[in-house]
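For reference, the structure is listed below as structure tokens.
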Amino acid sequence: MYFAQLRFGSHHYIAERVAFDTTHHPYDMPAAAVCKLHNIALLLFLLLLFGGVALQQQIKNSLLPADQSNYNDVTTSVTSTQPDNKSSAEDEKAGECLLPLQNLSQGAFVQCRKSSPSQECLTASEFWERQCYLNMTESVRFYHLGKGGGGTILFSLVENGIVVRRDHPRPSTHGIEELLSGHVTTLLINIRDPLDRFVSAFNWRSLLFCQRDGEHRKKYPSEVDDKDRGRYQPHLRPQEFCYEKSSFQKEATIIQRLYNDDINKLAESLCEESSNFEHAVEHTKFISHAKLSMEGWLRPLLLDTNTTSIKPQGLTKFMAITFEQQSGHNSSLLEHTHEAVQQLYFDHGVDEETLDILMSRKTLRLPRVSEMMTHSSNSTAKRKVLGAVGKCCLARFLEDDYRLIQSMLGDANASNVLDPFEYVHPIIREACEWGSPTRRQLCRADLQSMLHRRAEFLDRSLGTCRDAVTLVDES
Numbered sequence: 306m307y308f309a310q311l312r313f314g315s316h317h318y319i320a321e322r323v324a325f326d327t328t329h330h331p332y333d334m335p336a337a338a339v340c341k342l343h344n345i346a347l348l349l350f351l352l353l354l355f356g357g358v359a360l361q362q363q364i365k366n367s368l369l370p371a372d373q374s375n376y377n378d379v380t381t382s383v384t385s386t387q388p389d390n391k392s393s394a395e396d397e398k399a400g401e402c403l404l405p406l407q408n409l410s411q412g413a414f415v416q417c418r419k420s421s422p423s424q425e426c427l428t429a430s431e432f433w434e435r436q437c438y439l440n441m442t443e444s445v446r447f448y449h450l451g452k453g454g455g456g457t458i459l460f461s462l463v464e465n466g467i468v469v470r471r472d473h474p475r476p477s478t479h480g481i482e483e484l485l486s487g488h489v490t491t492l493l494i495n496i497r498d499p500l501d502r503f504v505s506a507f508n509w510r511s512l513l514f515c516q517r518d519g520e521h522r523k524k525y526p527s528e529v530d531d532k533d534r535g536r537y538q539p540h541l542r543p544q545e546f547c548y549e550k551s552s553f554q555k556e557a558t559i560i561q562r563l564y565n566d567d568i569n570k571l572a573e574s575l576c577e578e579s580s581n582f583e584h585a586v587e588h589t590k591f592i593s594h595a596k597l598s599m600e601g602w603l604r605p606l607l608l609d610t611n612t613t614s615i616k617p618q619g620l621t622k623f624m625a626i627t628f629e630q631q632s633g634h635n636s637s638l639l640e641h642t643h644e645a646v647q648q649l650y651f652d653h654g655v656d657e658e659t660l661d662i663l664m665s666r667k668t669l670r671l672p673r674v675s676e677m678m679t680h681s682s683n684s685t686a687k688r689k690v691l692g693a694v695g696k697c698c699l700a701r702f703l704e705d706d707y708r709l710i711q712s713m714l715g716d717a718n719a720s721n722v723l724d725p726f727e728y729v730h731p732i733i734r735e736a737c738e739w740g741s742p743t744r745r746q747l748c749r750a751d752l753q754s755m756l757h758r759r760a761e762f763l764d765r766s767l768g769t770c771r772d773a774v775t776l777v778d779e780s
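Residues are numbered in my numbering as their position in the sequence shown, beginning at 1, plus a constant of 305.
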């Protein structure tokens with residue numbers, strides 16, 4: 306069956322990932338000159354690596370400023386291995402033209418990196434040999450929330466021959482216009498417990514900055530050659546390189562000097578009863594990935610002026626891909642993502658039989674977390690455990706995110722702690738309504754788990770956070 310095939314067996318996958326992020330912010334990346342140099346180097350590399358005028362023009366477009374092009378394209382260079390021996394019947398099917406790939410629904414088309422498919426019909430083997438993929442950048446938008454498993458989702462899409470339009474680390478300025486105008490039909494979003502995501506973001510940024518004393522890593526950019534600055538950015542290789550304070554002056558000062566790299570200090574300052582509350586709220590606006598909440602990403606869909614504005618032919622599917630570890634459940638983020646891959650193929654006119662054939666001949670395109678992509682979200686360096694009071698303060702600070710999760714679940718799953726938002730576009734309530742019945746159930750269970758784990762902190766009838774923690778400890 307198809308889903309089993311997506312588990313990739315025991316094959317070895319080798320590929321390279323290059324991502325373009327064209328939306329910039331003064332506190333999200335080093336100096337503009339470095340970014341420009343990096344982009345030029347990537348452009349030259351890709352123009353040499355991939356032939357073809359059409360593809361070269363697409364790569365050029367991907368490097369345009371955000372107001373001209375918002376593509377965050379993903380390309381892979383693939384080292385193929387031979388597929389397992391197939392039966393003669395399977396070989397015969399795989400050698401047939403995959404007609405549905407010629408008749409995709411609007412918003413998707415086949416694009417290949419090794420020679421154009423022109424008008425002839427592609428076989429399953431040719432699809433992978435020519436490094437083809439379904440380009441869905443016109444119809445599918447991926448809201449990639451930092452520190453929430455979005456990288457895993459992105460890799461899985463690419464390895465299975467899908468490219469979508471990605472917004473990261475914030476929504477594009479024109480995104481809501483496209484959602485409301487009918488340009489985008491499917492919105493993907495990765496969802497992690499808001500408190501966990503915030504803590505992960507703080508610790509991740511703390512890890513990236515050079516320590517004032519005893520730092521053994523090379524300082525970026527002063528100790529890195531100009532030609533290597535694209536490869537050796539600290540967020541790609543945090544165990545070897547660190548950002549100097551000058552690269553992110555405000556953010557580094559807040560994390561290191563004001564809060565001493567301690568998430569507890571920031572979290573407890575975010576308690577409404579704290580004398581530092583207003584200052585702490587301002588400080589969060591400079592911490593990458595933490596500064597924009599999930600509610601901030603989806604706010605246009607929560608405004609009463611927009612909840613009925615999306616055209617019928619526009620946004621028709623809202624796909625939440627959850628990242629939550631529940632006791633007693635064996636589901637994983639990758640399994641949710643595999644179903645998303647299947648759903649996107651089906652939505653764009655590829656039937657199950659065609660998809661089975663296509664995946665049976667896949668010549669292994671899993672992007673490796675290479676030396677350029679050792680994104681050390683799992684690094685434990687400098688990570689501090691968040692205390693109960695800090696958890697309570699942070700959960701209440703992020704209350705709107707939890708209300709949004711409650712809104713996704715709908716009235717049938719309402720809790721007695723939080724009320725859903727009064728105005729939400731109906732599409733929000735369909736966050737889990739895609740994929741198999743089992744996946745839908747697991748998605749709802751994941752969202753309910755996020756609410757359940759924070760319920761005692763979000764219950765304001767228990768008083769202040771210190772009162773709530775004391776009551777919970779005594780009960």
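Heads up, the beta-carbon is just placed ideally off N, CA and C, and yes, glycines get one too.
Computed from a predicted model, the values in this text were never measured in an experiment.
A distance below 7 angstroms between beta-carbons, with the five flanking residues on each side excluded, links residue 596 to the following residues of its chain, in chain order: 589 and 590. Where residue 546 is concerned, the enclosing beta strand (DSSP E) starts and stops at 546-548. Each of 473, 582 and 568 was checked against the Cα of residue 504, and the nearest Cα belongs to 568. Note on residue 743: under 16 other CB atoms within 10 angstroms of its CB, so exposed under the neighbour-count rule. Counting C-beta pairs with one atom in each stretch, the stretch 572-591 and the stretch 522-537 have fewer than three that are closer than 8 angstroms, which means they do not touch. Per DSSP, residue 536 lies in no alpha helix (DSSP H) segment and is marked neither H nor E. If you draw a straight line from the Cα of residue 551 to the Cα of residue 557, it is about 8 angstroms long. Here residue 694 carries a helix assignment [DSSP, helix/strand/coil]. In the three-state reduction of the DSSP assignment, residue 524 falls in the strand class. In the three-state reduction of the DSSP assignment, residue 707 falls in the helix class. Going by DSSP, residue 438 is part of the beta strand (DSSP E) stretching over 437-440.
Spatial neighbours of residue 729 in its own chain (CB-CB distance under 6 angstroms, excluding positions within 5 residues in sequence) are listed in chain order as 607 and 712. In the same chain as residue 623, and ignoring 5 residues on each side of it, the C-beta atoms closer than 6 angstroms to its own belong to 492, 732, 735 and 736, in chain order. Distance from the CA of residue 485 to the CA of residue 479, rounded to the nearest whole angstrom, comes to 10 angstroms. Contact between the stretch 465-478 and the stretch 504-518 is absent: fewer than three C-beta pairs spanning the two stretches fall below 8 angstroms. Its chain contains 449, 450, 453, 454, 455, 458, 626 and 628 as the residues whose beta carbon lies nearer than 7 angstroms to that of residue 495, once the 5 sequence neighbours on both sides are disregarded; these appear in chain order. Contact between residue 691 and residue 572 holds, since their C-beta atoms are separated by about 6 angstroms, short of 8 angstroms. In the three-state DSSP reduction, residue 448 falls in the strand class (E or B). Straight-line spacing of the CA atoms in residue 465 and residue 726 works out to 36 angstroms. Minimum Cα-Cα distance from residue 443 among the listed residues 403, 657 and 487 corresponds to 487. Burial check for residue 667: the Cβ neighbour count within 10 Å reaches 16 or more, so the residue is buried. In this structure, the alpha-carbon of residue 561 lies about 13 angstroms from that of residue 689.
The secondary-structure analysis by DSSP pairs residue 493 across a beta bridge with 447 and 624. Secondary structure at residue 467: strand, using DSSP grouped into helix, strand and coil.
Of the candidates 411, 429 and 412, the residue whose Cα lies closest to the Cα of residue 663 is 429.
Under DSSP, residue 472 shares a beta bridge with 448. In the displayed model, residue 591 falls within coil according to three-state DSSP, outside both helix and strand. Here residue 503 carries a helix assignment [DSSP, helix/strand/coil]. Collapsing the DSSP output to three states places residue 417 in a strand. Counting C-beta atoms within 10 angstroms of its own C-beta, residue 533 has fewer than 16 neighbours from the protein chains shown and is therefore classed as exposed. Ranked by Cα distance from residue 601, the first of 704, 565 and 695 is 704.
Looking from the CA of residue 697, the closest CA among 639, 761 and 741 belongs to 761. Annotation for residue 433: the continuous alpha helix (DSSP H) segment containing it runs 429-434. Going by DSSP, residue 762 is part of the alpha helix (DSSP H) stretching over 742-763. Looking at the DSSP output, residue 514 sits in a beta bridge with 548.
By alpha-carbon distance to residue 694, the top candidate from 419, 469 and 500 is 500.
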